[in-house]
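Structure first, then comments.
Chains as they are written, first to last, in this note's numbering: chain Y, 171 to 735; chain V, 171 to 735.
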């Protein structure tokens, strides 16, 4: 692309151009183009590609390199740096184009790169070396794949994910909003979004109740001493909101629920007979994210977390850990998540006592236990060394949405270190005091990210049980309003979230609105329906269902809601 | 009392001794006594009382007064202050005792004060003028009533309320705890306490859902600009936690939910047809309370509030306000609260534009509307001038617990000022933009205070639906353990919070424990019960219920739970 650009725009100065996921970009100075110019550049690229049969590598001295790029201050800056660091300087040439480059190219571009498996996608401004104090350059993005088919699939995915963008749908469906006076990264959940939250919490509470969890409630703040004890301070300070100076103490907004739960464990005595103790809470935590990295519900500063901590003996660990994984699998099935993977992060032995608690034997033992459970459960997983939490091995749960985009939703951690810092113990059968192992887990992650994921996953067309509006009643005309209101009242008294679409506009227009808002069911009530105490019933997913009596509709919906079908 | 003390302890120096609710106290220097000495003082008081037939008042000069009290530096300090402020100095004398006093006495103590309608209750340390930099004095407390009967009733109430002390019962029943690393006034809700919270939230959500409320969720923080807009800053700053300085902005932990709710109202357009909009949230707010004023769950710094804001037109106001009052009455009935009163606080015209928004016409109109509804609803109320909120008239809801102690639980406020500050509007039928009235209401107050109240009100013996443990299953011996576990599983699968009391101790001891923990029901399973697949069933409130089959027990409990009987 750079060769094509300099052939077409001789003033343009290439600077840096790396590969990125699914493609590449290149930044140019002295280049003024718009998206409309990309076709011309693509054409020139195809022309060059035909002639580029190889890349020739040449190692050059700093002087030689500087001489070649004497009119390009950006390349000169890079050459100077390489020289200072005593690194090799290499040029790669193909056709008449030579660039400063570390290498890693196609052997024979003409043969290896299909003329239609790539595209230039967009033009954007970018600061030299990402620093806004530097000059703004022109960046051209491209996407590139091995085959035309792969490119087309990617483009279709992007188009679909744009349609499913959680920020766009969140606005259209009235789920959440942001406000300048509240602050960036701090979502306000509108009534329809709060219904999603309430339903998810109901689901999690029921599921966890069945699984023997107990619920607790803790404050959103704690004194500095809490986080010094837990070890989060000073290591984690950058991720926390700054403290409030209050009555001569520093109070922190909590960035994690674990220390509060540990205090609850510590508040009463425990015998081996009481274990495992499973403490769960919908705890909202606050974390610092750079302004530039905030993104809709995906990167926020407020995290409403379905959090729990399991305190167990070593003997109980495998069963507890397996039960947590089973809960993940239950949720995956419920939400139709077909592709998932657990990313198992272990410690790095070289960083013991630095990034990781210095307990080599405990690291080995817990990592072995986790690996064993993963293998036995046949859950797909990858093992990643040197990415564990400071207190133990960690699992990140990666799931793929219905359109194949990947999300890291939840985390599942083993903790063999912090219990001791809090003096947490239980009396073993032997009468001795022992330290419990702790599992940190949050299968539904945070409301913010999980709902963001669900919006894309379902394209806003939530399953009935989760839908903010479950059914819409549409009288054909003002004449049928009373019958519609009676139907509405009947559905509502059965606990169904039904809404009335008053006959202030044409039926056609109102039907389009219902479909736009992705209501799972609607009931049209006209002359013959009034007479039959029924409605013309239609499903978003199953199409027209004919004339059905209101009690039957109510029963159908209630059954489907209860089953979370 | 002071006369008796100086007769018995000639060195003792009386300082200040006011009347307080239900009695009085007096602080002395150079007096070293214990509670055991109070009987002797009481005896001397009864002896003096017989002879005290009057109080003689005498106005004296500062010199005269100082001469009289020349050996008492405390009285001298008071005399000096009175002189400086040009206030009259008066002595009151009865028998041989003269004190510096403003007056307000019995005409004839011997006749008017019964010898057995009062008591000295306790001895405590107290700093001169409440300042810990001053010398510590000895304080003697007394309680005093018009009749012996009133005294006895008060003593019985105190004894009962001590037994019902929410801090004591909260500990015994494992409901909540406090922790030094978290901070004072910040309760941690243990699993059994969290059940109370979950049940109350379920009740409120069901009730509010039926009443047409919509739920929302909002962050616990907001930028300074939010509270400048709402008017809470700077007026309310002392009550708020100090700000966090973050990214060049000040963020405050929220001390009220209203501004966040206003932002949600503002996030979408509203027509008169959508009104009233009723936004509800279990929002946790944080408020500053002085360390010395913190008291169990009654005075805390974290307030989990069942909050809602109703946005309505003037026409709708009376109906909405009445519906809110009806919801209060519904709750009072459900919780067996028989005595209650609404304290209706109006503005003070002299403080318009200072303590109160300067809108005399709106004050009159809204106060008239509120008064009208109160009168029509026949709810007992008292009107208190000059205690309104800055944005409108306010109702504080006072209730009396089962033992007759008063609690201010909730508040219900009208707001005609803040909507304008947030630019909140709706399109009226005329097409004009109008400003809605706002009702702030929280019928169950905060979890902290309401649960504190309920603990005393029920003496910890919560009704079945609210009980953290609803039934306890007790096998008579190890032999009956399996049958007990089967019964336990059956109750639990019906959603009943049942626990097993294992036969590790004698049945008698376990029964005492069950009664101490105030479980509403228990099932004893012995030989003949195993054979009959039944249990010997007993109710905390209704006594023994004989041998009943497990399915029948399960049904009885489920019905009572659903009815919140």
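Note that the Cβ used here is the ideal one computed from N, Cα and C, for glycine as well.
The segment 459-476 of chain V makes no contact with the segment 484-501 of chain V; the number of CB pairs closer than 8 Å stays below 3. In summary, residue 585(Y) is buried, with 16 or more beta-carbon neighbours lying within 10 Å of its beta-carbon over all protein chains present. Note on geometry: alpha-carbon atoms of residue 447(Y) and residue 604(Y) lie some 14 Å from one another.
Excluding sequence positions up to five before and after residue 344(V), its CB lies within less than 7 Å of the CB of 360 and 362, all in the same chain and listed in chain order. Closer than 8 Å to the CB of residue 702(Y) there is not a single CB belonging to chain V. Going by DSSP, residue 324(Y) is part of the alpha helix (DSSP H) stretching over 318-333. At the C-beta level, residue 434(Y) and residue 608(Y) stay beyond 8 Å of one another. Within chain V, the residues whose beta carbon sits less than 9 Å from that of residue 433(Y) are 347, 349, 351, 352 and 358, listed in sequence order. Nearest to residue 234(Y) by C-alpha distance, out of 373(Y), 258(Y), 220(Y) and 218(Y), is 258(Y). With respect to the 8 Å criterion, residue 196(Y) and residue 172(Y) are classified as neighbours on the basis of their beta carbons. With respect to the 8 Å criterion, residue 564(Y) and residue 542(Y) are not classified as neighbours on the basis of their beta carbons.
Per DSSP, the beta bridge partners of residue 196(V) are 310(V).
Under DSSP, residue 383(V) forms no beta bridge with any residue.
In the three-state DSSP reduction, residue 246(V) falls in the helix class (H, G or I).
With contacts defined as CB atoms closer than 8 Å, residue 287(V) and residue 327(V) fail to qualify as a contacting pair. About 6 Å separates the Cβ atoms of residue 606(V) and residue 482(V), confirming a contact at the 8 Å cut-off. The C-beta separation of residue 587(V) from residue 494(V) comes to about 19 Å, leaving the pair out of contact by the 8 Å criterion. Counting along the chain, residue 593(V) sits inside no alpha helix (DSSP H), nor does DSSP assign it H or E at all. Within the segment 377-389 of chain Y, the residues whose Cβ lies closer than 7 Å to some Cβ of chain V are 384, 385, 386, 387, 388 and 389, listed in chain order. For the segment 514-591 of chain V, the full-length alpha helix (DSSP H) segments reaching 4 residues or more read 530-547 and 588-591 along the chain.
Residue pairing for residue 389(Y): DSSP places it in no beta bridge. By the Cβ criterion, the segment 641-660 of chain V is in contact with the segment 671-690 of chain V, since at least three pairs of Cβ atoms, one from each stretch, lie closer than 8 Å. Note on geometry: alpha-carbon atoms of residue 623(Y) and residue 580(Y) lie some 12 Å from one another. The Cβ-Cβ distance between residue 351(V) and residue 392(Y) falls below 8 Å. Judged by their CB atoms, residue 644(V) and residue 700(V) are not nearer to each other than the 8 Å cut-off. Shown here, residue 726(Y) sits in a helix according to DSSP, grouped into three states.
Two segments are said to touch when three or more pairs of C-beta atoms, one from each, lie closer than 8 Å; by this definition the segment 369-384 of chain Y does not touch the segment 402-422 of chain Y.
Residue 634(Y) sits close to residue 735(Y), with the two beta carbons spaced by under 8 Å.
By the CB criterion at 8 Å, residue 626(Y) and residue 336(Y) fall inside the cutoff.
At a cut-off of 8 Å, the C-beta of residue 344(V) has a neighbouring C-beta in chain Y. The segment 652-670 of chain Y and the segment 718-731 of chain Y touch, with three or more beta-carbon pairs separated by less than 8 Å. Interface flag for residue 671(Y) against chain V is unset, since no Cβ pair is found closer than 8 Å. At a cut-off of 8 Å between C-beta atoms, residue 417(Y) counts as an interface residue with respect to chain V. For residue 451(V), the enclosing beta strand (DSSP E) has its first and last residue at 447-456.
In terms of Cβ geometry, residue 268(V) and residue 201(V) do not form a close pair [threshold 8 Å]. Taking 8 Å as the upper bound for CB-CB distance, residue 450(Y) and residue 478(Y) are in contact here, some 4 Å apart.
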